[in-house]
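Reviewing the structure listed below.
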Amino acid sequence: MKKTLFDKVWDAHVVETIENGPQILYIDKHLIHEVTSPQAFAELEERNIPLFRKDQIVATADHNVPTQNQHLPIKDQLSKKQVDMLTSNCEKHGVTLYGLGHPYQGIVHVMAPELGITQPGMTMVCGDSHTSTHGAFGTIAFGIGTSQVAQVFASQCLLLSKPKTMRITVNGKLRKGVLPKDVILYIIAQLGTNSGTGYFVEYAGEVFESMSMEGRMTVCNMSIEMGARGGMIAPDETTFEYVKGREFAPKGEEFDKKVAYWETLKTDKGAEFDMEYEFQGESIAPMVTYGTNPGMGIRIFDEIPQQNSDSFEKALSYMGFEKGEKLLDKTINYVFIGSCTNSRIEDFRVAAAYIKGKRKAANVNALIVPGSQQVAKQIVAEGLQDIFEEAGFEIRQSGCSACLGMNEDKIPAGEYCVSTSNRNFEGRQGPGSRTILASPLVAAATAIHGKLTDITKDEEVLDAAALIM
Amino acid sequence: MEKFRRLLSRALPLPIENIDTDQIIPARFLKATNKQGFGENLFRDWRYQPDGTPNRDFILNNPDYEGKILLAGNNFGCGSSREHAAWALADYGIKVVVSSYFADIFKGNALNNGLLPVQISESFLNKLMQECRKDPETTIEVNLEEQYISLDGTSYLEDFEIDPYKKMCLVNGYDDIDYLLSKKAAIEAYEQERTF
Ligand code: SF4
């Protein structure tokens, strides 16, 4: 039978199928963090169940950590308790932890790929919905709830019904200044926030084939924002090159053997999907969101659509926007470049290419939060730190930060924030905050001009950015 | 887990679409390390004004309404995978959430906590909403064993679907860990046999 990439990886991990019920799916790698693991550890302890395969678990502290003075004790007592509990749970159970201060610490979805923990053909889970990020490697990766974290602790398996499959093909070429973030925001705007519910998505076509691993991660990251459990891209030379030589990647002969297997992980010609969509790369432009879910996106020069529903009106009133209004030239006081969607080195290179030699507008607070300690080091090594600092940007230490406002990095009520993160829900970046999702390039331009700017008008800058992507 | 077979209750209508888990329980309340007490902050930013006083327009603050059933608009529970959303609903006393669509992860989380997500047609959902908004005393029956939901005392009824395995778990009060632990031998055999 002809199989999709998803089928191949899924079927290879089925331990058993329950009649009329779900399947037992084996999980290769389990990532954990401080927010969604304490109750799972507690549950195990209450029931006196040991960890089944502790060597397949990797932990980091990211959601709740401060992004300043990470060497000092955490001030917020509740956050401190959660982070300390992660440390003590990992010590007690023998789980590898890259905690605060560790050179490998970082947002779980930035840290694992850059260490080579994420590899093609795996099944990976984490108590975080953006686990879909790892699908960029041709991995089945998805977010789970805390009860499921406990299940994986206890058995390295999950009980799941096989999702349906969807393929989204984007052929052609992207215009200058159009980034992977724009591609996924465009797709979600076209299809809607629940179009993917019940599906696992494969992204295929020329646009993804020619994308970097960082870009592919940005795309797969946001699969969950259309409701899909995960997204994946068939592994290819770009993938193998990225994995090769990383800390936990297979080495030497072992690596070659793996590559031979990974090369088989492609959708067979003629394999059928439950749903297919197709888009053309040329029709995508820099995107911004105007509402309170990631599907409410428009091309930066478009008008907010006319739509009549209570939910639509509620969203616009929260954002302080009107139907038919253009967002171009809107004054923006906050810019956040970070989060597991766009906090990898490539994102900062693109932003820096635009910012170089300029200064941020006086009204803007611009925050740069690297996704991991390693990215932070790279920012310094590549001289990007100087560019950002000279432009008046503030660079912080790694963590989730203003993406979800669990620590003190919050956007004040009523303020707009052009953010490279993935969710523009009400209050996501702090109570009353208004999030406009965009690419790192649009975010950088917003910081410089103090208002939403159409970067596609600026040829010289685009050429500089194009050299990086 | 508590067993669930049938529930007869009044309902709280919340006709908003795409209610994400950040609204159900905002991130700043996720710092707890146990499962209790989240009900207090259920729908926090809709339920209270910024100054902490209750928002009188919000359904949970309406003294006419009470019940163990939440009626919510399409695509309930989207966004973050936080199980705290299910804990908050359960802790508040909700046993059933009714919507025309549920986000995957929320659905799984709910079921793992004895909270039943009941997915019904848009039109039946509208009917239930209408009746409950018209008369807060309206009672709804949710029958898991026979898989239907009805407007009690009327002929308005709709069947709903549920994974047979999950139904078995809820009806008996089992959870997935019990089941997976019973499969240890098969899991170990899988580990031994795999070649990639
Ligand atoms: S950066 Fe934001 S979306 Fe990503 S894992 Fe952290 S909180 Fe979640």
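These protein sequences, in sequence, are chains A and B.
Just so we're aligned, residue -19 is where the first sequence starts under this note's numbering, counting upward by one.
Just so we're aligned, residue 67 is where the second sequence starts under this note's numbering, counting upward by one.
Note that CB positions come from ideal geometry on N, CA and C, so glycine has one too.
All figures in this text were calculated on a predicted structure; none of them were measured in a lab.
Chain B within 8 Å of residue i, Cβ atoms only
{"i": "threonine 177(A)", "result": "yes"}
{"i": "isoleucine 124(A)", "result": "yes"}
{"i": "threonine 145(A)", "result": "no"}
{"i": "threonine 219(A)", "result": "no"}
{"i": "methionine 386(A)", "result": "yes"}
{"i": "valine 45(A)", "result": "no"}
{"i": "threonine 247(A)", "result": "no"}
{"i": "threonine 400(A)", "result": "no"}
{"i": "glutamine 286(A)", "result": "no"}
{"i": "arginine 376(A)", "result": "no"}
{"i": "methionine 197(A)", "result": "no"}
{"i": "glycine 207(A)", "result": "yes"}
{"i": "alanine 134(A)", "result": "yes"}
{"i": "arginine 403(A)", "result": "yes"}
{"i": "tyrosine 396(A)", "result": "no"}
{"i": "tyrosine 270(A)", "result": "no"}
{"i": "asparagine 322(A)", "result": "no"}
{"i": "asparagine 49(A)", "result": "no"}
{"i": "asparagine 273(A)", "result": "yes"}
Under 9 Å by beta carbon: chain B residues contacting residue i
{"i": "glutamine 3(A)", "result": "The contacting residues do not exist; glutamine 3(A) stays about 10 Å from chain B at best."}
{"i": "aspartate 108(A)", "result": "Ser146, Ser147, Arg148"}
{"i": "asparagine 201(A)", "result": "Within 9 Å Cβ-Cβ: nothing; asparagine 201(A) doesn't reach chain B, min ~13 Å."}
{"i": "methionine 255(A)", "result": "Simply none; closest approach about 15 Å."}
Residue from the options with nearest C-alpha to residue i
{"i": "serine 127(A)", "options": "Gly118(A), Leu139(A), Met193(A)", "result": "Leu139(A)"}
{"i": "cysteine 198(B)", "options": "Asp218(B), Asn209(B), Glu212(B)", "result": "Asp218(B)"}
{"i": "alanine 184(A)", "options": "His13(A), Arg279(A), Val199(A), Met102(A)", "result": "Val199(A)"}
{"i": "phenylalanine 281(A)", "options": "Tyr270(A), Cys383(A), Gln287(A), Gly275(A)", "result": "Tyr270(A)"}
{"i": "glutamate 26(A)", "options": "Glu254(B), Lys161(B), Ile243(B), Trp112(B)", "result": "Ile243(B)"}
{"i": "histidine -7(A)", "options": "Ser263(A), Gly207(A), Cys137(A)", "result": "Cys137(A)"}
{"i": "leucine 73(B)", "options": "Ile253(B), Tyr214(B), Met234(B)", "result": "Tyr214(B)"}
{"i": "leucine 223(B)", "options": "His150(B), Trp153(B), Lys193(B), Thr87(B)", "result": "Lys193(B)"}
{"i": "valine 132(A)", "options": "Val163(A), Leu171(A), Lys224(A), Arg33(A)", "result": "Arg33(A)"}
{"i": "proline 53(A)", "options": "Gly79(A), Ala333(A), Ile317(A)", "result": "Gly79(A)"}
{"i": "valine 105(A)", "options": "Lys238(A), Leu165(A), Ile7(A)", "result": "Ile7(A)"}
Contact list for residue i against chain C, beta-carbon separation under 8 Å
{"i": "threonine -3(A)", "result": "Given the protein chain composition of this structure (A and B), no chain C is represented."}
Partner residues on chain A for residue i, Cβ-Cβ distance less than 9 Å
{"i": "asparagine 100(B)", "result": "Pro18, Gln19, Ala22"}
{"i": "proline 116(B)", "result": "Ala393, Pro411, Gly412"}
{"i": "glycine 174(B)", "result": "Ile124, Gly125, Ser127, Gln128, Leu140"}
{"i": "tyrosine 256(B)", "result": "His(-7), Val(-6), Val(-5), Glu(-4), Ile4, Tyr6, Cys137"}
Within chain A, the residues that residue i reaches when beta carbons sit closer than 8 Å
{"i": "glycine 139(B)", "result": "Ser291"}
{"i": "alanine 252(B)", "result": "Val(-5), Glu(-4), Ile4"}
{"i": "alanine 169(B)", "result": "Asn174, Thr177, Gly207"}
{"i": "asparagine 178(B)", "result": "Gly125, Ser127, Gln128"}
Contact with chain A by residue i, beta-carbon distance below 8 Å
{"i": "isoleucine 135(B)", "result": "no"}
{"i": "asparagine 84(B)", "result": "yes"}
{"i": "leucine 126(B)", "result": "no"}
{"i": "leucine 182(B)", "result": "no"}
{"i": "lysine 249(B)", "result": "yes"}
{"i": "tyrosine 240(B)", "result": "no"}
{"i": "asparagine 121(B)", "result": "no"}
{"i": "aspartate 229(B)", "result": "yes"}
Under 7 Å by beta carbon: chain B residues contacting residue i
{"i": "alanine -8(A)", "result": "Phe262"}
{"i": "glutamine 131(A)", "result": "Asp242, Ile243, Leu246"}
{"i": "valine 15(A)", "result": "Leu96"}
{"i": "glycine 407(A)", "result": "Asp88, Pro92, Asp111"}
{"i": "tyrosine 314(A)", "result": "In chain order: nothing, as chain B lies at least about 18 Å away."}
Within chain A, the residues that residue i reaches when beta carbons sit closer than 7 Å
{"i": "lysine 97(B)", "result": "Asn44, Leu58, Ser59, Gln62"}
Amino acids of chain B, ordered along the chain, whose beta-carbon sits closer than 8 Å to that of residue i
{"i": "lysine 294(A)", "result": "Ile82"}
{"i": "methionine 65(A)", "result": "Thr99"}
{"i": "asparagine 0(A)", "result": "Pro230, Tyr231"}
{"i": "asparagine 28(A)", "result": "By Cβ distance, chain B contributes nothing, its closest Cβ being about 11 Å from asparagine 28(A), past 8 Å."}
{"i": "glycine 101(A)", "result": "Phe262"}
{"i": "tyrosine 298(A)", "result": "Going along chain B, no residue has its Cβ under 8 Å from tyrosine 298(A), so there is no contact; the nearest lies around 10 Å."}
{"i": "asparagine 345(A)", "result": "Here the premise fails: no neighbours, minimum Cβ distance about 20 Å."}
Runs of alpha helix (DSSP H) lying entirely within the segment 123 to 174 of chain B, each at least 4 residues, in chain order: 150 to 158
Which runs of the alpha helix (DSSP H) at least 4 residues long sit entirely within the segment 208 to 245 of chain A? Give them in chain order. Runs of the alpha helix (DSSP H) lying entirely within the segment 208 to 245 of chain A, each at least 4 residues long, are 217 to 223, 232 to 242 in chain order.
The segment 331 to 343 of chain A / the segment 426 to 439 of chain A touching (three or more Cβ pairs under 8 Å): Yes: the two stretches touch, three or more of their Cβ pairs being nearer than 8 Å.
Is it true that the segment 184 to 194 of chain A meets the segment 57 to 71 of chain A, where meeting means three or more beta-carbon pairs spaced less than 8 Å apart? no
Specify whether the segment 401 to 416 of chain A and the segment 380 to 387 of chain A touch according to this definition: at least 3 beta carbon pairs, one from each stretch, less than 8 Å apart. yes
With contact counted as at least three CB pairs below 8 Å, one residue from each stretch, are the segment 28 to 46 of chain A and the segment 147 to 157 of chain A in contact? No, because fewer than three Cβ pairs between the segment 28 to 46 of chain A and the segment 147 to 157 of chain A fall closer than 8 Å, the two stretches do not touch.
Decide yes or no for the touch test of the segment 145 to 161 of chain B against the segment 101 to 117 of chain B: beta carbon pairs closer than 8 Å, at least 3 of them. yes
Are the segment 152 to 161 of chain A and the segment 228 to 238 of chain A touching, with three or more C-beta to C-beta distances below 8 Å? Contact between the segment 152 to 161 of chain A and the segment 228 to 238 of chain A is absent, because fewer than three Cβ pairs lie under 8 Å.
Runs of alpha helix (DSSP H) wholly within the segment 110 to 143 of chain A (minimum 4 residues, chain order): 126 to 135
Touching by the beta-carbon criterion (3+ pairs, under 8 Å), the segment 111 to 126 of chain B and the segment 81 to 90 of chain A: Not touching, per the Cβ criterion.
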